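Presented below is the structure to which this report refers.
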Amino acid sequence: MALNPVLGKLVSKRVVLASASPRRQEILTNVGLRFEVVPSWFKETLEKSSFAAPYEYAVETAKQKALEVANRMHVKHLRTPDIVIGADTIVSVDEQILEKPVDKQDAYRMLSRLSGKEHSVFTGVAIIHCSSKGNQLETEITDFYEETKVKFSDLSEELLWEYIHSGEPMDKAGGYGIQALGGMLVEYVHGDFLNVVGFPLNHFCKKLAELYYPPPKHTVQHIKHDSIPSVDTFENLSDGESESSNFIEHKGANNLDSSSMCPSRPVYNCENSSSVRTGFMVPLENQNGASESAAKLPSKILDLMDGFKASKALFVASKLKMFDYLKNKGPLKAVDVANEVGTSVCGTERLLDACVALGLLEKTSQGYSNTDSANTYLTSDGEYSLHGYIIHSNDHLWPLFTNLESAVREGSRQNHRAFGRKAEDLFKDYYHSQEVKQRFMAAMHSIAHLTARDVATAFDLSQFKSTCDLGGCTGALAHELIQIYPNMKVTVFDLPEVIANISYFQPSEQCAAPVTFVSGDFFKDNLPEADLYILSRVLHDWPDEKIHVLLSKISAVCKPGCGILLAEMVLDDEKKNRSTALLQSLNMLVQTEGKERSGSEYQGLLEQHGFANVKIRLTGNLLDVVLCVKT
Ligand SMILES: O=c1[nH]cc([C@@H]2O[C@H](COP(=O)(O)OP(=O)(O)OP(=O)(O)O)[C@@H](O)[C@H]2O)c(=O)[nH]1
Numbered sequence: 001m002a003l004n005p006v007l008g009k010l011v012s013k014r015v016v017l018a019s020a021s022p023r024r025q026e027i028l029t030n031v032g033l034r035f036e037v038v039p040s041w042f043k044e045t046l047e048k049s050s051f052a053a054p055y056e057y058a059v060e061t062a063k064q065k066a067l068e069v070a071n072r073m074h075v076k077h078l079r080t081p082d083i084v085i086g087a088d089t090i091v092s093v094d095e096q097i098l099e100k101p102v103d104k105q106d107a108y109r110m111l112s113r114l115s116g117k118e119h120s121v122f123t124g125v126a127i128i129h130c131s132s133k134g135n136q137l138e139t140e141i142t143d144f145y146e147e148t149k150v151k152f153s154d155l156s157e158e159l160l161w162e163y164i165h166s167g168e169p170m171d172k173a174g175g176y177g178i179q180a181l182g183g184m185l186v187e188y189v190h191g192d193f194l195n196v197v198g199f200p201l202n203h204f205c206k207k208l209a210e211l212y213y214p215p216p217k218h219t220v221q222h223i224k225h226d227s228i229p230s231v232d233t234f235e236n237l238s239d240g241e242s243e244s245s246n247f248i249e250h251k252g253a254n255n256l257d258s259s260s261m262c263p264s265r266p267v268y269n270c271e272n273s274s275s276v277r278t279g280f281m282v283p284l285e286n287q288n289g290a291s292e293s294a295a296k297l298p299s300k301i302l303d304l305m306d307g308f309k310a311s312k313a314l315f316v317a318s319k320l321k322m323f324d325y326l327k328n329k330g331p332l333k334a335v336d337v338a339n340e341v342g343t344s345v346c347g348t349e350r351l352l353d354a355c356v357a358l359g360l361l362e363k364t365s366q367g368y369s370n371t372d373s374a375n376t377y378l379t380s381d382g383e384y385s386l387h388g389y390i391i392h393s394n395d396h397l398w399p400l401f402t403n404l405e406s407a408v409r410e411g412s413r414q415n416h417r418a419f420g421r422k423a424e425d426l427f428k429d430y431y432h433s434q435e436v437k438q439r440f441m442a443a444m445h446s447i448a449h450l451t452a453r454d455v456a457t458a459f460d461l462s463q464f465k466s467t468c469d470l471g472g473c474t475g476a477l478a479h480e481l482i483q484i485y486p487n488m489k490v491t492v493f494d495l496p497e498v499i500a501n502i503s504y505f506q507p508s509e510q511c512a513a514p515v516t517f518v519s520g521d522f523f524k525d526n527l528p529e530a531d532l533y534i535l536s537r538v539l540h541d542w543p544d545e546k547i548h549v550l551l552s553k554i555s556a557v558c559k560p561g562c563g564i565l566l567a568e569m570v571l572d573d574e575k576k577n578r579s580t581a582l583l584q585s586l587n588m589l590v591q592t593e594g595k596e597r598s599g600s601e602y603q604g605l606l607e608q609h610g611f612a613n614v615k616i617r618l619t620g621n622l623l624d625v626v627l628c629v630k631t
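Okay, here's the thing in structure tokens:
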């Protein structure tokens, strides 16, 4: 069940968050909202003195950020989103508006101004509903702001500078992060804490409630206008949409994770449960009415213990192409699926039921059918098929992970144990048989196609006229780049064994400006000329020594102003928060000499080869993006 019905209203919509702020992404992800991140390119340069009040500036900036993304996505012939959300957080003190500090001195000016005083934090939010009429983008804009008052203690010079040198102030409005070290500077907070962090979640949900549940005229007096409808109220108001299957359930243990962002208050408390139930309370009763002790089970640990069973169920259903059969012929009974696939009826029925419980399939009296997600991601011909990667995970990664214990003991890859062959060279290993090569290319293509838009739009790359995607495999990212930057000349450089096998993966319609494929080994051969070199999921395959070889080759052919764009899962500097990326680093341990790295580690590597102005965008999706330029 969707605990928060108003957010559930967004489940079937294509929602875009027009913000690069990792905090906004986290706040919305934590409540189960599914969205894409397309950071806005709108420059925050509106004339502050032309606004009568500081919040008007924040609201207008939020609106312009969201409109820029809505227009860009529409103009670039990407699918127009249904909803674009923009936000802008500012601090107001002594009639001055403070944004993010530009350098340490600026952070010092801001923080010393806030010392010992109360100030206001305003976040302006714009929710833009988009539609396409003919070729025109039509928008309906809803905006609002939230104010929170924060008081700082008196800050000594020493404390101030220690805080500034921590690096925390630099990407934060007013020069502090209340959710982390900055929390130590704060005497009190009056109002919504998450508003200070960057997104007023409660007000946002109320706004959605106003938009999606306008009070029926005859019952106006019964409805609390400032409430997010409770689950019960929601069921009365339901228009029949099923939110449950697509919504991420938030269980008790997850709430512990989320609260780490807000150490100074229990964000997800249940005190007011009688009237207004906010998004992700832990239900105290299960469906059978059993209470308390069931809720106290260590659900996160139990889920982790079961994780491998769920993965394997998905792998086997994919390998047996059950999602393909169900797409073409569903709904089907278990016996029909078993007959199609050639499996036992009893085993098939259990597997299908497990897939239903995992939210991959639906089950009705007519039989089993795919969910929308299964059609899109799990069928072998789905728009964003992950089938190739799933098969690679089953056939290649699973045996390697079975030897994780040895990998941890020995600190090295385990190909010899998993496949009885010593790994000579990472890629030669994949390319020793046509079957393994195609499976690996299909896997790489799945991920590249799925993440291409995030990577291509994380930064405005229009200043680069030519791009070379080193190790760009089937060209999935290259094709996306040409869609977004039609004047860009894009070359894919990869091993001859790869280039010889790309034809199967090319889009059916020929693009006006096709991608050029060049074969070679980027460690040994000359690199094609380009203004921008892309390394997507390349550096994580290699140890630092090899990376230095590659970066020095790129640096040697780069003129000043040319750039490198990395697409990787970027770890947080403390290496403790991003579990997907940290697990991926284990994945690199069992099969390569490489690893996942943090933003500062990438920055350090790039700066050693004359690249500066290193910018990192956490996309909130599979791959993050790092851009830097040659000085
Ligand atoms: O206590 C905290 N206060 C503020 C923040 C973060 O500060 C920034 C505010 O900047 P802005 O609203 O301009 O948003 P950006 O990060 O530049 O991203 P956009 O792409 O949306 O412009 C915001 O990230 C807050 O989260 C904080 O973390 N703690």
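In the UniProt record's numbering, the protein residues as written are 1 to 631.
Ideal Cβ placement from N, Cα and C applies to all residues, glycine included.
Quantities reported herein were computed from a predicted structural model and do not represent experimental measurements.
Residue i beta carbon near ligand 1 (any heavy atom closer than 7 Å)
i           : result
residue 40  : yes
residue 23  : yes
residue 99  : yes
residue 96  : no
residue 44  : yes
residue 102 : no
residue 171 : yes
residue 179 : yes
residue 196 : yes
residue 174 : yes
residue 369 : no
residue 89  : yes
residue 615 : no
residue 131 : no
residue 20  : yes
residue 117 : no
residue 182 : yes
residue 149 : no
residue 48  : no
residue 329 : no
residue 65  : yes
Between the CA atoms of residue j and residue i - distance to the nearest angstrom
i           : j           : result
residue 422 : residue 416 : 4 Å
residue 45  : residue 173 : 15 Å
residue 451 : residue 310 : 24 Å
residue 495 : residue 631 : 30 Å
residue 116 : residue 94  : 13 Å
residue 258 : residue 29  : Only weak support exists for where residue 258 lies, its pLDDT of 32 falling under 50; the coordinates are left without a value.
residue 355 : residue 148 : 45 Å
residue 25  : residue 622 : 13 Å
residue 67  : residue 84  : 8 Å
residue 334 : residue 607 : 58 Å
residue 15  : residue 204 : 14 Å
residue 283 : residue 353 : Here residue 283 scores only 35 on pLDDT, less than 50, and its place in the model should not be relied on; the value that follows carries that caveat. Distance between the alpha carbons of residue 283 and residue 353 is about 25 Å.
residue 560 : residue 614 : 14 Å
residue 487 : residue 461 : 11 Å
residue 171 : residue 618 : 13 Å
residue 1   : residue 551 : Annotation note: pLDDT 36 at residue 1 (below 50); position unreliable, coordinate value reported separately. Straight-line Cα distance between these residues: approximately 49 Å.
Beta-bridge pairing of residue i - partner residues as DSSP gives them
i           : result
residue 142 : 127
residue 565 : 534 and 627
residue 86  : 126
residue 148 : 121
residue 468 : 491 and 533
residue 190 : 149
Per-residue DSSP class, three states only, for residue i
i           : result
residue 176 : coil
residue 363 : strand
residue 380 : coil
residue 258 : The pLDDT assigned to residue 258 is 32, lower than 50, so where the model puts this residue is not dependable; a value taken from the coordinates is nonetheless given after this. Helix, per DSSP.
residue 558 : coil
residue 107 : helix
residue 326 : helix
residue 213 : coil
residue 135 : coil
residue 96  : strand
residue 615 : strand
residue 44  : coil
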